[in-house]
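A.B. asks: Residue numbers (mature numbering (1 follows the signal peptide of the UniProt record, and there is no 0)): -12 to -1, 1 to 326.
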Ligand code: FUB
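#1: Run through DSSP, which three-state label would residue 159 get?
#2: Given a threshold of 16 other Cβ atoms within 10 Å of its Cβ, counted over all protein chains shown, does residue 183 qualify as buried or as exposed?
#3: Hey, would you say residue 244 sits closer than 8 Å to residue 221, going by beta carbons?
#4: How about the segment 170 to 187 and the segment 243 to 257: do they share at least three Cβ pairs that are nearer than 8 Å?
#5: Taking C-beta to C-beta, are residue 199 and residue 156 nearer than 8 Å?
#6: If contacts are defined as beta-carbon pairs under 8 Å, then residue 18 and residue 270 qualify, I think. What distance do you get, rounded to the angstrom?
#7: Which class does residue 72 belong to by DSSP, given the choice of helix, strand or coil?
#8: So is residue 283 buried or exposed if we call it buried at 16+ other beta carbons inside 10 Å?
#9: On the DSSP letters alone, give me the boundaries of the beta strand (DSSP E) that residue 310 sits inside.
#10: Do residue 51 and the ligand FUB come close, with the Cβ less than 7 Å from some heavy atom?
#11: Figure out for me which residue from 138, 150, 51 has the closest Cα to the Cα of residue 96.
#12: Decide yes or no for the touch test of the segment 12 to 27 against the segment 47 to 63: beta carbon pairs closer than 8 Å, at least 3 of them.
#13: Classify residue 194: buried if its beta carbon has 16 or more other beta carbons within 10 angstroms, exposed otherwise.
#14: Given 7 Å as the limit, tell me if residue 170 has its C-beta closer than that to any heavy atom belonging to the ligand FUB.
#15: So, helix, strand or coil for residue 247, using DSSP?
#16: What residues in its chain sit with their C-beta under 8 Å from that of residue 309, if we drop five residues either side in the sequence?
#17: Would you mind giving the Cβ-Cβ distance between residue 242 and residue 187, rounded to the nearest angstrom? I have them listed as a contact below 8 Å.
#18: At a cut-off of 7 Å, would you count residue 77 as near the ligand FUB, judging by its Cβ distance to the nearest heavy atom?
#19: Relative to the ligand GTP, is the shortest distance from any of its heavy atoms to the C-beta of residue 230 smaller than 7 Å?
#20: The beta strand (DSSP E) that contains residue 105, what's its start and end?
#21: Going by the CB atoms, is the gap between residue 227 and residue 161 shorter than 8 Å?
#22: Do residue 116 and residue 100 come within 8 Å of each other at the CB atom, strictly closer than that value?
#23: Check whether the Cβ of residue 157 sits closer than 7 Å to any heavy atom of the ligand FUB, and report yes or no.
#24: Put residue 233 into one of helix, strand or coil per three-state DSSP.
#25: Evaluate residue 353 with the Cβ neighbour count: other Cβ atoms within 10 Å of its Cβ, from every protein chain shown; 16 or more gives buried, anything less gives exposed.
#26: Is residue 119 near the ligand FUB, judged by its Cβ being under 7 Å from some heavy atom?
#27: Does the beta-carbon of residue 227, which I'm using as the reference point, lie nearer than 7 Å to any heavy atom of the ligand FUB?
#28: Restricting to Cα atoms, I'd like to know which of 133, 267, 235 is closest to residue 203.
#29: Please state the DSSP three-state secondary structure of residue 167.
#30: Quick one: does the C-beta of residue 136 sit closer than 7 Å to a heavy atom of the ligand FUB?
#31: Using only the alpha-carbon positions, how far apart do residue 230 and residue 140 sit?
#32: Would you tell me roughly how many angstroms separate the C-alpha atoms of residue -6 and residue 301, rounded to the nearest one?
#33: Counting beta carbon pairs with one atom in the segment 102 to 113 and one in the segment 77 to 86, are three or more of them shorter than 8 Å?
#34: Can you find a heavy atom of the ligand FUB that lies under 7 Å from the Cβ of residue 19?
#35: So, using beta-carbon positions, are residue 277 and residue 22 closer together than 8 Å?
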């Protein structure tokens, strides 16, 4: 997120446009929904947007979130419950500011909440917190995950029981500050002509609290097997990683940020390479687009957000709509407004 996002914060809303779905919850602002089915129930782990009064800045400082509320529901279309504060920034010992998009996982009776937050030096790192309940309260580890950086963790459980974290986000998400997992310091945003920055993957250790080995880049290739350039900003990775598996293939989906598409690429292993396949969700109202994809009782759903309730880019609301595949495994593009 960045200043461009702020200046475009109120995207002109066509009054004739009708949203295809309604906010899951209207009492609080929520964004970046990571949805999971745990023990037959649906849980959504979103960011909790607030108006904190922080001035807008180049790096999305006004996305100044301070806690997480976990949402739950028995079925899609059913009553949505806000389970209150599941984790607060004041209970993360190393945190500075900006508690951004989380994800969650379940293993051996414990729920794990993964989150990016800036440390006291204003550098994004990834943290983990645990609970015996899917809705918390979660207890944060004392330190960030070693070797973690940038934003937007997605924790994926493969069918063999291995867990992987996908992550990264450019501009305010700081991914461009790293080369070969080394911090370069504050750098310019990626420029046209450069190869687009790549999302990262790390396998998780058996205790789910650390990276098992080196963080690796994952390749997103065009139909000719070439990496995207920064110039291809309608297709290249910006932020909001998500991984799901469908009919044995690995679907890596993400936001293109400044062009506001949610798109996807398909591969044969969790590490890729992934070949770009198309747009899942056309741009929504608001600058950011961030999602998850989950199967519930044999149907597939896209959880996403827009700014229907507030008209402001930093006060978002999460939604859900059904997602459909074509017989060849490609995903039918969704437009969030009729
Ligand atoms: O919610 C804060 C940031 O905005 C997220 O980390 C990005 O994915 C974007 O949605």
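In this text, a Cβ means the ideal position worked out from N, Cα and C, and glycines have one as well. Keep in mind that this is a model prediction, so the values were computed, not measured.
C.D. replies: Reading it off the structure:
#1: helix
#2: exposed
#3: yes
#4: no
#5: no
#6: Not really, about 21 Å apart at Cβ, beyond 8 Å.
#7: strand
#8: exposed
#9: 305 to 311
#10: yes
#11: 150
#12: yes
#13: exposed
#14: no
#15: helix
#16: 8, 9, 289, 290, 292, 322, 324
#17: 7 Å
#18: no
#19: The model depicted lacks the ligand GTP and carries the ligand FUB instead.
#20: 98 to 106
#21: yes
#22: yes
#23: yes
#24: strand
#25: The question about residue 353 has no answer, for the chain in this structure spans -12 to 326.
#26: no
#27: yes
#28: 133
#29: strand
#30: no
#31: 9 Å
#32: Caution applies to residue -6, whose pLDDT of 45 falls short of 50 and renders its modelled position unreliable; the model cannot decide the point.
#33: yes
#34: yes
#35: no
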